[in-house]
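All remarks here apply to the structure that follows.
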Amino acid sequence: MTDSKYFTTTKKGEIFELKAELNSDKKEKKKEAVKKVIASMTVGKDVSALFPDVVNCMQTDNLELKKLVYLYLMNYAKSQPDMAIMAVNTFVKDCEDPNPLIRALAVRTMGCIRVDKITEYLCEPLRKCLKDEDPYVRKTAAVCVAKLHDINAQLVEDQGFLDTLKDLISDSNPMVVANAVAALSEIAESHPSSNLLDLNPQSINKLLTALNECTEWGQIFILDCLANYMPKDDREAQSICERVTPRLSHANSAVVLSAVKVLMKFMEMLSKDLDYYGTLLKKLAPPLVTLLSAEPELQYVALRNINLIVQKRPEILKHEMKVFFVKYNDPIYVKLEKLDIMIRLASQANIAQVLAELKEYATEVDVDFVRKAVRAIGRCAIKVEQSAERCVSTLLDLIQTKVNYVVQEAIVVIKDIFRKYPNKYESVIATLCENLDSLDEPEARAAMIWIVGEYAERIDNADELLESFLEGFHDESTQVQLQLLTAIVKLFLKKPTETQELVQQVLSLATQDSDNPDLRDRGYIYWRLLSTDPVAAKEVVLAEKPLISEETDLIEPTLLDELICYIGTLASVYHKPPSAFVEGGRGVVHKSLPPRTASSESTESPETAPAGAPSGDQPDVIPAQGDLLGDLLNLDLGPPVSAPPLAASSVQMGAVDLLGGGLDSLIGDSNFGAPPAAVTTAAAPARLGAPVSSGLSDLFDLTSGVGTLSGSYVAPKTVWLPAIKAKGLEISGTFTRQVGSISMDLQLTNKALQVMTDFAIQFNRNSFGLAPAAPLQVHAPLSPNQTVELSLPLNTVGSVMKMEPLNNLQVAVKNNIDVFYFSTLYPLHVLFVEDGKMDRQMFLATWKDIPNENEAQFQIRDCPLNTEAASNKLQSSNIFTVAKRSVEGQDMLYQSLKLTNGIWVLAELRIQPGNPSLTLSLKCRAPEVSQHVYQAYETILKN
Amino acid sequence: MSRPSRASNTTKMIHSLFLINCSGDIFLEKHWKSVVSQSVCDYFFEAQEKAADVENVPPVISTPHHYLISIYRDKLFFVSVIQTEVPPLFVIEFLHRVADTFQDYFGECSEAAIKDNVVIVYELLEEMLDNGFPLATESNILKELIKPPTILRSVVNSITGSSNVGDTLPTGQLSNIPWRRAGVKYTNNEAYFDVVEEIDAIIDKSGSTVFAEIQGVIDACIKLSGMPDLSLSFMNPRLLDDVSFHPCIRFKRWESERVLSFIPPDGNFRLISYRVSSQNLVAIPVYVKHSISFKENSSCGRFDITIGPKQNMGKTIEGITVTVHMPKVVLNMNLTPTQGSYTFDPVTKVLAWDVGKITPQKLPSLKGLVNLQSGAPKPEENPSLNIQFKIQQLAISGLKVNRLDMYGEKYKPFKGVKYVTKAGKFQVRT
């Protein structure tokens with residue numbers, strides 16, 4: 015008597031037969047028929063034709079039959095909206111049933127039916143169910159609000175369901191709380207700027223209480239919600255951490271990982287000197303390791319996350335190397351991830367073990383894994399200097415195996431080892447050359463060619479070797495061609511007498527016979543260089559190369575910090591922020607780690623710079639793999655400085671500059687016309703090094719004059735509302751403050767096909783009461799592809815509501831097509847008023863009067879300004895220097911500013927000549943503005 | 012200010028679920044929202060083809076409009092379709108819970124069992140997930156909502172027309188102890204605990220331990236009436252520093268007193284799992300002497316392995332099996348075991364030797380010749396040996412239960428603790 019009988023109906027007239035059975039008088043027959051229908055549904059057969067007959071069975075006392083009909087309805091209602099109406103009455107009646115199970119079932123099912131007409135009838139029953147006496151019904155209703163919001167958000171707001179949902183966060187039943195949180199989070203996701211989940215210490219406390227009592231799934235929702243909270247100081251962060259840590263012992267791995275996320279995020283706020291910080295670090299290791307004994311799918315996700323955690327806080331797992339050792343029957347996706355983490359954890363202390371393992375892996379069966387293991391050996395050599403020799407000899411052993419792909423991988427990594435330790439292991443070149451013929455992969459060929467070119471003077475037959483590659487020049491990949499070109503030029507510069515013919519051959523191949531622009535450009539550059547000034551050519555081409563970094567393919571620090579906020583999500587599996595891949599990118603908010611703000615005595619650590627900003631002592635990273643073209647350019651043309659990759663474009667220009675104007679005719683002006691923005695960003699970090707920036711100063715002069723008028727600093731316009739979100743209307747803008755008046759400079763572009771008219775603008779209530787002082791005046795209709803620029807005067811007499819973040823402004827713009835909404839952040843300095851200079855005595859008194867816990871300290875990095883210049887810049891944005899003092903070679907500026915709403919902010923800016931970092935201490939009675947004032951400072955000083 | 016209304020079609024979590032068997036047939040689909048076409052599974056099949064081995068299919072696959080998160084259990088793929096950012100572990104855990112539930116209800120999680128009970132399966136899936144929010148995943152709550160099939164019940168149902176759907180709200184659903192139902196009654200009250208420890212180890216060629224740890228669990232079978240409140244204490248609780256608990260355990264008691272205090276679910280459940288990793292605590296009960304060699308330029312090789320007891324704490328090691336994935340060029344093997352029997356599958360190249368128990372007087376060994384494909388180069392890789400064994404009445408970590416106390420009820424239950432140690436992923440490299 016099994017259900018498989020439901021699958022065996024006669025082919026002929028199957029639907030017809032079912033129809034008859036569904037309409038049978040016998041209850042039992044009916045139920046059997048519905049079961050058959052469901053069975054067909056499970057295998058993807060279309061049984062929607064039976065809709066009216068199935069719906070007819072809905073009114074029944076038999077709960078199983080009712081459930082089955084509901085199942086069917088959910089599947090097909092969308093395709094039969096008119097028929098679905100027939101079900102409404104039963105739903106409404108069931109919502110009143112004395113049995114809570116039936117009430118919940120009805121409200122649950124109704125929410126799943128995405129038919130507008132049904133939705134209308136859902137509101138009343140839902141309202142009742144949200145206040146039902148039975149918690150099971152309330153918790154089901156909470157989820158239903160999220161469903162309804164997805165179908166018709168407006169309706170949910172109009173009906174006030176959101177407020178009811180917020181009230182449910184204080185429900186006495188932890189399951190109801192958890193579901194309310196889950197529903198609110200889901201709704202909030204589609205409204206990133208809304209204050210739906212208004213988290214404050216009280217609501218956090220409620221959540222933490224519910225956390226202990228609700229089911230494992232509810233715990234995940236609550237933890238993910240907690241992770242979005244920003245504790246006000248380190249004490250609150252610590253107390254939340256303390257209450258979350260027990261979740262690390264949960265049997266459900268998703269609970270564990272969500273708890274890890276909360277802890278990793280809030281840890282950022284704790285001082286490293288705290289005992290608790292150390293305790294927490296120790297507590298994090300065991301649960302992470304435990305995740306690795308779970309099912310392979312769970313292991314995979316855990317490993318991807320551990321990869322992030324290890325990069326952020328290597329100390330957590332530094333003693334746990336062994337758990338990442340690969341078992342031969344691990345799935346390949348687990349093996350590759352483990353290997354990656356092994357390298358990240360490799361250190362002098364454990365390198366012997368790691369190498370022994372890697373050597374073992376290099377003889378495994380799976381090709382991908384073997385390759386990665388070989389590469390890993392090279393990475394170890396680069397990372398742990400003491401092991402380099404052992405690594406090289408291991409690699410040589412592997413080359414002796416003559417296994418083709420092993421040899422090729424080994425050569426690729428040996429090239430990197432040569433770069434890291436020049437003039438140390440060149441004795442192995444002979445062995446490498448023996449394997450020249452077996453190389454068939456571009457990367458390996460390019461690596462080998464690089465080695466031959468770089469060490470041409472030590473390889474007797476370097477010219478023959480390179481010549482042999484030249485024969486099939488046009489069949490090679492670009493990577494190999496570029497490398498070959500450079501290598502032969504190097505060879506020529508080292509042994510000019512014998513290789514003239516060779517170099518001419520390669521230059522003509524590259525410039526005349528190739529249609530690859532990169533190759534041609536590089537060919538021309540070399541050609542010119544060699545023909546105008548061979549000495550300069552030698553200096554450029556044979557320049558000392560920057561060292562390659564120890565760690566390769568590290569995630570960039572700001573991205574890493576963002577990803578830490580997404581631990582446990584798909585973003586953490588793909589190592590990309592959600593904005594990069596979530597479909598439509600709708601409403602994605604960038605998350606960032608909280609800054610470390612100590613509750614008191616903030617002076618104890620000088621490291622109070624907000625996280626997220628890359629700290630200055632981080633090593634410059636040059637990816638060894640990746641964009642080889644950029645890498646090579648950097649390598650071959652770079653002036654003798656350790657230039658970070660982000661300077662690549664300017665370095666290229668630096669080289670051009672060296673060549674003088676002779677190249678214009680060849681390359682054309684277009685190459686110089688790099689967008690000014692790119693130049694500015696490249697120039698901004700002082701890391702570029704003095705020699706280059708002085709050489710390029712004439713280029714940068716172009717941009718330094720742009721955009722800075724007298725008066726407050728004005729940021730360039732950014733797109734606030736992209737055209738795709740506003741039916742073709744694109745709005746970009748910025749905020750300005752000039753002689754006491756604030757305005758919003760807007761640029762409206764019509765990217766639609768119809769004319770736009772009837773523009774109007776409105777602001778939501780905001781923290782400082784910003785409001786338009788005049789209507790938005792667009793005089794003529796905006797025709798397609800037309801752009802207007804206008805300036806909207808603002809005042810600060812609008813109604814006030816505290817926003818999150820403080821400087822958030824929600825704007826509605828209307829035109830003849832629709833109403834559009836966007837939100838933007840205004841720089842706080844537009845609110846700095848002109849009479850913000852405080853009297854000296856007053857300043858002193860106020861400074862003392864404001865309690866110490868209101869003081870916040872920040873670092874402004876990479877800002878090499880002298881005291882005078884800084885003071886002037888700030889003054890033009892209404893930050894006034896009240897007094898100046900010099901102590902032990904440091905200049906202290908005491909400054910004041912006043913916001914439009916009368917809040918005074920007092921500042922102490924410490925400038926040390928020669929040190930590009932400035933220290934800013936802010937004191938204010940409303941400490942929540944400090945962060946934004948600091949940002950304003952940074953913007954003003956850096957522009 | 013009102014906000015824009017926007018009709019989007021997104022679900023927080025699982026949008027749809029497809030069950031796929033090993034030959035690539037989709038034999039069940041369930042949609043929690045709109046219907047997603049089966050064709051979305053083509054991306055999965057593509058990945059499966061690329062992976063060659065079923066176990067190597069990556070668990071997260073991205074497609075142009077969806078993400079597919081899958082698990083592989085009992086020769087079946089559970090493929091879920093996701094549309095927005097979700098925690099993948101959440102999905103994977105949930106899928107495993109679905110598989111566990113099938114196992115629990117039907118005795119096995121197989122295509123046949125699922126097809127035989129397709130209506131119950133559908134009812135279960137509906138009960139487990141609502142709009143992406145898990146509703147009820149605890150076995151005892153589910154069983155009150157939907158009764159598991161029994162031969163007797165289906166006969167009775169078909170005669171009386173009664174159903175297998177419970178029509179009252181499960182009692183555990185909302186209490187603070189959702190894992191236990193009220194009104195449990197037994198004539199024989201009993202509480203049994205199984206301490207099961209598995210040794211995961213990698214032993215290198217020379218016999219030294221590269222890596223070893225113990226994965227332990229305590230599984231409980233509790234049949235106690237009423238609302239018993241249990242306390243389980245250990246002789247040496249210090250061993251347990253990395254523990255995962257069943258939600259029923261009071262974490263605070265454990266933190267302060269190192270006692271497991273809990274109101275148990277009814278029936279079988281996993282109380283805790285733990286990991287003992289510090290190397291000196293992990294005893295390695297067996298050693299393997301091995302010599303596997305292939306001659307250069309000849310079509311044969313030698314194979315010789317012997318197993319002996321090492322740190323076995325004086326207990327008998329039994330149920331030993333050795334599995335070896337031989338290199339591809341191996342055609343056949345001619346071996347002689349001193350005890351037990353062996354098989355070699357020339358297609359999968361898997362050698363399996365069922366050893367039985369070790370008697371220290373005469374150590375079991377397996378030796379003989381290996382035939383290689385003629386002309387092929389001698390294999391580069393050395394096969395690893397996978398060892399299975401079992402030791403009764405021993406927890407290799409030394410963990411010992413001290414006592415079990417019961418509060419809240421008056422009767423005297425039967426109590427019992429069993430220990431067993433097994434090999435987990437125990438590999439010897441050659």
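So the protein sequences, as listed, match chains A and B.
Positions 15 to 957 (this note's numbering) are the ones given, in order, by the first sequence.
Positions 12 to 441 (this note's numbering) are the ones given, in order, by the second sequence.
Ideal placement from N, C-alpha and C gives every residue a C-beta, glycine not left out.
In summary, the residues of the region 261-273 of chain B whose CB is separated from some CB of chain A by less than 9 Å are 262, 263, 265, 266, in the order they occur in the chain. In the three-state scheme derived from DSSP, where H, G and I count as helix and E and B as strand, residue 269/B is classed as coil.
Within the region 426-441 of chain B, the residues whose Cβ lies closer than 7 Å to any Cβ of chain A are, in chain order, 436, 438, 440. Closer than 8 Å to the CB of residue 159/B there is not a single CB belonging to chain A. With its beta carbon at least 8 Å from every one in chain B, residue 745/A lies outside the interface. When Cβ-Cβ separations below 8 Å define contact, residue 754/A makes no contact with chain B.
In this structure, the beta-carbon distance from residue 825/A to residue 838/A falls below 8 Å. In the DSSP annotation of this structure, residue 201/B is not part of any alpha helix (DSSP H); the continuous beta strand (DSSP E) holding it starts and ends at 201-214.
Counting C-beta atoms within 10 angstroms of its own C-beta, residue 30/A has fewer than 16 neighbours from the protein chains shown and is therefore classed as exposed. Residue-level contact check: residue 364/A does not touch chain B, since none of the beta carbons of chain B fall below 8 Å from its beta carbon. Assignment of residue 105/A by DSSP, reduced to helix, strand and coil, places it in the helix class. If the five residues before and after residue 270/B are omitted, its C-beta is found closer than 6 Å to the C-beta atoms of 242, 244, 264, all from its own chain and listed in chain order.
Put simply, the region 227-246 of chain A does not touch the region 566-578 of chain A. Fewer than three CB pairs are less than 8 Å apart. Scanning its chain for C-beta atoms nearer than 7 Å, with the 5 sequence neighbours on each side dropped, one finds around residue 874/A the residues 931, 932, 934, 951, 952, 955, in chain order. Not a single C-beta of chain A is nearer than 8 Å to the C-beta of residue 247/B. The beta carbon of residue 494/A is closer than 6 Å to those of 456, 459, 460 in its chain, skipping five residues each way along the sequence.
In the DSSP annotation of this structure, the continuous segment of the beta strand (DSSP E) that includes residue 79/B starts and ends at 78-84. For residue 727/A, the three-state secondary structure derived from DSSP is coil. Collapsing the DSSP output to three states places residue 224/B in a strand. From the listed residues 374/B, 386/B, 248/B, 279/B, the smallest Cα separation to residue 311/B is found for 386/B. Using a CB distance cut-off of 8 Å, residue 228/B does not count as an interface residue toward chain A. Sorting 365/A, 109/A, 557/A, 239/A by C-alpha distance to the C-alpha of residue 142/A places 109/A at the top. Within the region 761-785 of chain A, the beta strand (DSSP E) runs of at least 3 residues that lie entirely inside it are, in chain order, 774-777. Taking residue 320/B as reference, the option from 401/B, 394/B, 100/B, 53/B with the minimal CA-CA separation is 401/B.
In its chain, beyond the 5 residues on either side, 744, 745, 746 have a beta carbon closer than 8 Å to the beta carbon of residue 733/A. With respect to chain B, the C-beta atom of residue 311/A has a partner C-beta closer than 8 Å. The way I'd put it, the region 53-60 of chain B doesn't touch the region 73-93 of chain A; fewer than three beta-carbon pairs between them come closer than 8 Å. In the DSSP assignment, residue 147/A falls outside any alpha helix (DSSP H) and carries neither an H nor an E.
DSSP places residue 63/B outside both helix and strand once states are collapsed to three, so it counts as coil.
Per DSSP, residue 447/A is one residue of the alpha helix (DSSP H) stretching across 443-448. In this chain, residue 264/A is not harboured by any alpha helix (DSSP H), its DSSP state being neither H nor E.
In the structure shown, the three-state DSSP call for residue 282/A is coil.
Its Cα nearest to that of residue 199/B, the residue 234/B stands out among 260/B, 234/B, 347/B. Pairing residue 161/A with residue 137/A gives a Cβ-Cβ distance that is not under 8 Å.
Under the three-pair Cβ rule at 8 Å, the region 750-767 of chain A counts as touching the region 794-813 of chain A. Distances from the CA of residue 430/B to each of 389/B, 79/B, 228/B, 89/B were compared; the closest alpha carbon is that of 228/B.
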